[in-house]
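*Asks:*
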Amino acid sequence: MALDARIPAREDAASRLLDKGMQPQSTAPGQTAEHFRQKVWLTWALLCALLGAGFYELHLDFGYVGQKLPFLLGIRLSPDGFIQGAVLTVFVTGCSMICAWMIAVLTALGRLSRNPVAFAIATFYASLFRGTPLMVQVLIIYLALPQVGVVLGGLTSGLIALSLNYGAYLAETIRSGLMAVPAGQREAAMALGLPRWVASWKIIAPQALRLIIPPACSLFVSMLKDSSLVSLMGLWELNFLAQSYARSSYHYMEMLLAAALIYWGLSIVFELVQVRLERRFGRGVVARGRHAAGPRNG
Amino acid sequence: MERSSPPPLICLTQLNKWYGSLQVLRNISFDVMPHERLIICGASGSGKTTLLRCINGLEPHQSGRVVVDGTELTDAPKTLEIVRREVGMVFQSFNLFPHLTVMENCSLAPIWVRKLPPDEAQATALSYLDRVHLAAHAHHYPSELSGGEQQRVAIARALCMSPKVMLFDEPTSALDPVMIKEVLEIITELAQTGMTMICVTHEMGFARRLADRVLFMDRGEIVEQGTPDEIFQHPKSELLATFLSRILHGASAAAI
Chain A
138 MALDARIPAR EDAASRLLDK GMQPQSTAPG QTAEHFRQKV WLTWALLCAL
188 LGAGFYELHL DFGYVGQKLP FLLGIRLSPD GFIQGAVLTV FVTGCSMICA
238 WMIAVLTALG RLSRNPVAFA IATFYASLFR GTPLMVQVLI IYLALPQVGV
288 VLGGLTSGLI ALSLNYGAYL AETIRSGLMA VPAGQREAAM ALGLPRWVAS
338 WKIIAPQALR LIIPPACSLF VSMLKDSSLV SLMGLWELNF LAQSYARSSY
388 HYMEMLLAAA LIYWGLSIVF ELVQVRLERR FGRGVVARGR HAAGPRNG
Chain B
27 MERSSPPPLI CLTQLNKWYG SLQVLRNISF DVMPHERLII CGASGSGKTT
77 LLRCINGLEP HQSGRVVVDG TELTDAPKTL EIVRREVGMV FQSFNLFPHL
127 TVMENCSLAP IWVRKLPPDE AQATALSYLD RVHLAAHAHH YPSELSGGEQ
177 QRVAIARALC MSPKVMLFDE PTSALDPVMI KEVLEIITEL AQTGMTMICV
227 THEMGFARRL ADRVLFMDRG EIVEQGTPDE IFQHPKSELL ATFLSRILHG
277 ASAAAI
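Which chain is which? The protein sequence lines are A and B, in order. All residue numbers for the first sequence refer to this note's numbering, where the first residue is 138 and numbers rise by one. All residue numbers for the second sequence refer to this note's numbering, where the first residue is 27 and numbers rise by one.
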């Protein structure tokens with residue numbers, strides 16, 4: 138599924154070759170791309186079947202998995218009526234993503250700013266939060282701050298730590314994307330008399346986003362998994378639940394595999410979103426042939 | 027041309043520019059009258075492009091005056107906005123917006139700067155695209171066009187703002203001979219409509235046919251200026267004579 142992203146590029150490259158009057162490939166480009174896609178699906182199916190067969194051979198207690206699955210997924214609320222499991226994981230990741238994105242944009246602008254104070258604040262922040270472990274940041278916010286009178290809840294602490302940590306990494310990603318847009322683009326916009334904000338919003342941002350999306354999505358997938366750190370603060374997220382069920386029933390293999398598969402499934406959703414965003418912002422750049430390539434939904 | 031008749035559209039007075047300690051423009055002064063076609067030539071690094079970019083404020087100057095259509099360029103963003111609205115620019119590397127279609131490239135500035143309603147902006151864009159023979163490609167992306175076609179879109183994009191003067195910065199330097207021809211034809215057609223233009227180019231044949239006046243620059247200075255005949259047939263300075271012989275020996279493209 139993740140590999141699907143590359144197929145359109147192949148199709149486009151092929152049809153563009155044709156378009157520019159260069160030599161056609163030995164087979165029709167559409168066919169080649171179709172074959173490629175079929176083989177990708179086949180290989181994926183085979184690997185999934187192998188994995189499934191492996192699980193079957195382990196003689197796992199699927200009944201127990203079925204019994205605990207609603208809790209792992211978070212369909213049921215925790216005993217104290219709070220969200221738990223995968224739903225909590227997604228909630229924490231989603232909130233942190235939004236906050237990290239806002240922090241990162243400001244930091245990236247600070248790093249590109251001519252204002253020395255803004256530049257210094259941005260570099261200081263990025264250095265500090267990239268240079269210290271996420272785990273230590275989480276613990277400082279949750280366990281150490283109360284010592285000086287700042288008491289934050291587990292969820293709040295987790296969100297703050299994840300946002301600040303990932304914001305620092307994301308800022309670098311955004312900065313590199315902004316810097317990679319050729320200077321001629323802003324000049325052309327200015328020469329047309331476009332106000333700065335229109336040039337930034339309509340010309341620079343969309344082109345930078347095309348470059349930012351792949352690494353940013355990688356960061357968010359990574360954040361999805363790092364969100365398990367909030368279990369340190371007594372939140373019943375996916376990883377925590379899997380471990381506690383495993384411990385109490387000694388079904389470690391079942392529970393940890395189930396948790397792993399749920400994380401994987403969520404990551405795949407992220408990857409699908411990434412594919413869509415890449416297509417959206419790749420318009421024109423990933424050149425489509427004039428005879429637009431056919432439907433390519435995987 | 028008499029001084030008393032219409033005021034010059036562009037008026038440069040004692041323009042100086044430095045990059046750090048390096049002086050790239052020295053005491054540049056000249057006027058451009060409405061409908062005048064000015065060609066600037068000179069070796070690489072002589073300051074032609076920098077001069078052009080000073081006229082619409084893409085490069086700041088350190089001393090002297092740049093007045094365009096009665097507005098003097100200062101540090102105030104307002105003056106930049108006013109001047110850029112009236113000055114179209116075509117770049118050597120096209121600088122089309124790759125993520126926008128040809129139509130969007132052409133209608134963006136009229137919508138955001140001239141505040142035209144989108145359908146009106148698109149109609150204008152289409153008429154200019156038709157003039158550069160690319161109306162059929164309105165919904166393509168720049169990457170789907172050849173270099174010559176991209177440069178023609180860039181010309182249409184600048185024209186969509188209905189500028190009073192067009193600046194061309196080596197518009198054909200990135201193109202092969204066939205494409206050079208198609209772009210030069212468009213510029214010539216534009217000149218015939220009476221558009222005021224300043225063009226930096228190495229295409230001497232084109233310059234000779236098109237220009238009302240030619241400036242020859244070297245090391246940031248205007249060394250000679252005059253009619254094409256004066257410049258190309260009767261160069262006064264050693265520098266210009268050497269430059270011309272080099273160019274004419276080197277390029278058969280000048281014959282186009």
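Beta carbons are placed, not taken as given, at the ideal position from N, Cα and C, and that holds for glycine.
So with Cβ pairs under 7 angstroms, would you call Pro351 of chain A a contact of chain B?
*Replies:* Within the first sequence, residue 351 of chain A is the residue found at index 214, counting from 1. No, no contact with chain B.
*Asks:* Give the range of the alpha helix (DSSP H) segment to which Cys236 of chain A is assigned.
*Replies:* The residue you call residue 236 of chain A lines up with position 99 of the first sequence. Start and end: Gly222 to Leu249.
*Asks:* Please identify, using Cβ separations under 9 angstroms, the residues of the stretch 339-367 of chain A that lie next to chain B, in order along the chain.
*Replies:* So the close ones are Lys339, Ile340, Pro343, Gln344 and Arg347.
*Asks:* Alpha carbon to alpha carbon, how far is Ser385 of chain A from Ala223 of chain A? Give it in angstroms, no decimals.
*Replies:* Numbered from 1 along the first sequence, position 86 holds the residue referred to as residue 223 of chain A. Numbered from 1 along the first sequence, position 248 holds the residue referred to as residue 385 of chain A. Their backbone Cα atoms lie some 20 angstroms apart in a straight line.
*Asks:* Compare the beta carbon distance of Arg91 of chain B and Glu98 of chain B with 7 angstroms and say whether it is the shorter of the two.
*Replies:* Translated into the one-based positions of the second sequence, residue 91 of chain B becomes position 65. Translated into the one-based positions of the second sequence, residue 98 of chain B becomes position 72. Against a cut-off of 7 angstroms, the Cβ pair of Glu98 of chain B and Arg91 of chain B comes out as a contact.
*Asks:* Rounded to whole angstroms, what's the CA-CA distance from Ile349 of chain A to Leu187 of chain A? Just pull it up for me.
*Replies:* Indexing the first sequence from 1 puts residue 349 of chain A at position 212. Indexing the first sequence from 1 puts residue 187 of chain A at position 50. Approximately 35 angstroms between the Cα atoms of the pair.
*Asks:* Does the distance from the CB of Gly371 of chain A to the CB of Gly268 of chain A come in under 7 angstroms?
*Replies:* Taking the first residue of the first sequence as position 1, residue 371 of chain A is located at position 234. Taking the first residue of the first sequence as position 1, residue 268 of chain A is located at position 131. Not a contact, by the Cβ cut-off of 7 angstroms.
*Asks:* What's the call for Tyr193 of chain A, buried or exposed, on a 16-neighbour Cβ count within 10 Å?
*Replies:* Translated into the one-based positions of the first sequence, residue 193 of chain A becomes position 56. Counting Cβ neighbours within 10 Å, Tyr193 of chain A comes out exposed, since fewer than 16 surround it.
*Asks:* Between Ile297 of chain A and Leu369 of chain A, what straight-line distance do the alpha-carbon atoms span, to the nearest angstrom?
*Replies:* On the first sequence, residue 297 of chain A is found 160 positions in, with the first residue counted as 1. On the first sequence, residue 369 of chain A is found 232 positions in, with the first residue counted as 1. In a straight line, the C-alpha of Ile297 of chain A is about 14 angstroms away from that of Leu369 of chain A.
*Asks:* Pull the bridge partners of Thr39 of chain B from the DSSP assignment, please.
*Replies:* Residue mapping note: residue 39 of chain B aligns to position 13 of the second sequence, counting from 1. DSSP output for Thr39 of chain B lists B:Arg91 as bridge partner(s).
*Asks:* Report the CB separation of Gly321 of chain A from Asn121 of chain B in whole angstroms; it is logged as a contact under 8 angstroms.
*Replies:* Translated into the one-based positions of the first sequence, residue 321 of chain A becomes position 184. Translated into the one-based positions of the second sequence, residue 121 of chain B becomes position 95. Contact flag correct, Cβ pair sits at about 4 angstroms.
*Asks:* Tell me, please, whether the CB atom of Glu324 of chain A is closer than 7 angstroms to any CB atom in chain B?
*Replies:* Within the first sequence, the letter at position 187 stands for residue 324 of chain A. It does: the Cβ of Glu324 of chain A has a partner Cβ on chain B nearer than 7 angstroms.
*Asks:* Please list the residues of the stretch 122-133 of chain B that have a C-beta atom closer than 8 angstroms to any C-beta atom in chain A, keeping them in chain order.
*Replies:* Flagged, chain order: Leu122, Phe123, Pro124, His125, Leu126 and Thr127.
*Asks:* Would you verify that the beta carbon of Leu331 of chain A is, or is not, closer than 7 angstroms to some beta carbon of chain B?
*Replies:* By 1-based counting over the first sequence, the position of residue 331 of chain A is 194. Chain B contact via Cβ: present.
*Asks:* For His260 of chain B, is the classification buried or exposed, using 16 other Cβ atoms within 10 angstroms of its Cβ as the cut-off for buried?
*Replies:* Working through the second sequence from its first residue, we reach residue 260 of chain B at position 234. Classification of His260 of chain B: exposed, given that the 10 Å Cβ count is below 16.
*Asks:* So if I threshold CB-CB distances at 9 angstroms, which residues from the stretch 296-328 of chain A count as touching chain D?
*Replies:* Going by chain labels, chain D is absent from the structure shown, which instead holds the protein chains A and B.
*Asks:* Return yes when the Cβ of Gly73 of chain B is within less than 7 angstroms of the Cβ of Leu51 of chain B, no when it is not.
*Replies:* The residue you call residue 51 of chain B lines up with position 25 of the second sequence. The residue you call residue 73 of chain B lines up with position 47 of the second sequence. Cβ atoms of Leu51 of chain B and Gly73 of chain B: closer than 7 angstroms.
*Asks:* What is the DSSP secondary structure of Thr269 of chain A, counted as helix, strand or coil?
*Replies:* For the purposes of this step, residue 269 of chain A is taken as residue 132 along the first sequence, with counting starting at 1. Three-state DSSP puts Thr269 of chain A in coil, outside helix and strand.
*Asks:* Nearest-angstrom Cα distance between Asn252 of chain A and Ile213 of chain B?
*Replies:* Working through the first sequence from its first residue, we reach residue 252 of chain A at position 115. Working through the second sequence from its first residue, we reach residue 213 of chain B at position 187. Their Cα atoms are separated by approximately 43 angstroms.
*Asks:* Determine the direct distance from the alpha carbon of Phe219 of chain A to that of Ile212 of chain A, and round the result to whole angstroms.
*Replies:* Counting from one through the first sequence, the residue named residue 212 of chain A turns up at place 75. Counting from one through the first sequence, the residue named residue 219 of chain A turns up at place 82. About 11 angstroms.
*Asks:* Identify the contact partners of Glu107 of chain B in chain A, using a Cβ-Cβ distance below 8 angstroms as the criterion.
*Replies:* The count along the second sequence starts at 1 and reaches residue 107 of chain B at position 81. By Cβ distance, chain A contributes Gly330 and Pro332.
*Asks:* Establish whether the CB of Arg420 of chain A and some CB of chain B are separated by less than 7 angstroms.
*Replies:* Mapped onto the first sequence, residue 420 of chain A falls at position 283. Output row for Arg420 of chain A: interface = yes.
*Asks:* What first and last residue would you give for the alpha helix (DSSP H) that runs through Gly203 of chain A?
*Replies:* Within the first sequence, residue 203 of chain A is the residue found at index 66, counting from 1. Run containing Gly203 of chain A: Phe199 to Leu210, per the alpha helix (DSSP H) assignment.
*Asks:* So what does Ile65 of chain B bridge to, in DSSP terms?
*Replies:* Locating residue 65 of chain B in the second sequence gives position 39, where the first residue counts as 1. DSSP, once it has assigned bridges, lists B:Cys225 and B:Val240 as partnering Ile65 of chain B.
*Asks:* With Glu196 of chain B as the anchor, note down where its alpha helix (DSSP H) starts and where it stops.
*Replies:* By 1-based counting over the second sequence, the position of residue 196 of chain B is 170. Where Glu196 of chain B is concerned, there is no enclosing alpha helix (DSSP H), given that its DSSP letter is neither H nor E.
*Asks:* If the cut is a Cβ gap below 7 angstroms, which residues of chain B does Val335 of chain A touch?
*Replies:* Numbered from 1 along the first sequence, position 198 holds the residue referred to as residue 335 of chain A. Near Val335 of chain A (Cβ distances below 7 angstroms), the residues of chain B are Trp138.
*Asks:* With H, G and I counted as helix, E and B as strand and the rest as coil, what does DSSP make of Glu85 of chain B?
*Replies:* As a first step, residue 85 of chain B is located in the second sequence; it is residue number 59 there, counting from the start. Coil at Glu85 of chain B, not helix or strand.
*Asks:* Compare the Cα-Cα distances from Ile181 of chain B to each of B:Pro203, B:Val116 and B:His125 and report the closest residue.
*Replies:* Position 155 of the second sequence holds residue 181 of chain B. Comparing Cα-Cα distances from Ile181 of chain B to each of B:Pro203, B:Val116 and B:His125, the minimum goes to B:Val116.
*Asks:* Compare the Cα-Cα distances from Leu301 of chain A to each of A:Arg312, A:Ile235, A:Ser365 and A:Pro283 and report the closest residue.
*Replies:* Stepping through the first sequence from its first residue, residue 301 of chain A is reached at position 164. For Leu301 of chain A, the nearest C-alpha among the options comes from A:Ile235.
*Asks:* What do you reckon, are the CB atoms on Ala184 of chain B and Ser119 of chain B nearer than 7 angstroms?
*Replies:* On the second sequence, position 158 is the one that residue 184 of chain B refers to. On the second sequence, position 93 is the one that residue 119 of chain B refers to. For Ala184 of chain B and Ser119 of chain B, no; Cβs fall outside 7 angstroms.
*Asks:* Hey, is Met223 of chain B's beta-carbon within less than 7 angstroms of any beta-carbon in chain A?
*Replies:* The sequence position of residue 223 of chain B within the second sequence is 197, counting from 1. Judged by the 7 angstroms Cβ criterion, Met223 of chain B is not in contact with chain A.
*Asks:* Using 8 angstroms as the threshold, is the stretch 258-274 of chain B in touch with the stretch 228-235 of chain B, meaning 3 or more CB pairs across them?
*Replies:* Yes: at least three Cβ pairs fall under 8 angstroms.
*Asks:* Taking 7 angstroms as the CB-CB limit, is Arg63 of chain B close to chain A?
*Replies:* For the purposes of this step, residue 63 of chain B is taken as the residue at position 37 of the second sequence. Output row for Arg63 of chain B: interface = no.
*Asks:* Going by alpha carbons, who is nearest to Trp401 of chain A out of A:Ala345, A:Ala245, A:Leu307 and A:Leu375?
*Replies:* As a first step, residue 401 of chain A is located in the first sequence; it is residue number 264 there, counting from the start. Per the Cα distances, A:Leu375.
*Asks:* What do you reckon, are the CB atoms on Arg63 of chain B and Met192 of chain B nearer than 7 angstroms?
*Replies:* Taking the second sequence and counting its residues from 1, the one referred to as residue 63 of chain B is at position 37. Taking the second sequence and counting its residues from 1, the one referred to as residue 192 of chain B is at position 166. No. Outside cutoff.
*Asks:* I'd like to know if Arg52 of chain B contacts chain A, where contact means its C-beta is closer than 7 angstroms to some C-beta of that chain.
*Replies:* Here residue 52 of chain B refers to the residue found at position 26 of the second sequence. It does not; no Cβ of chain A falls within 7 angstroms.
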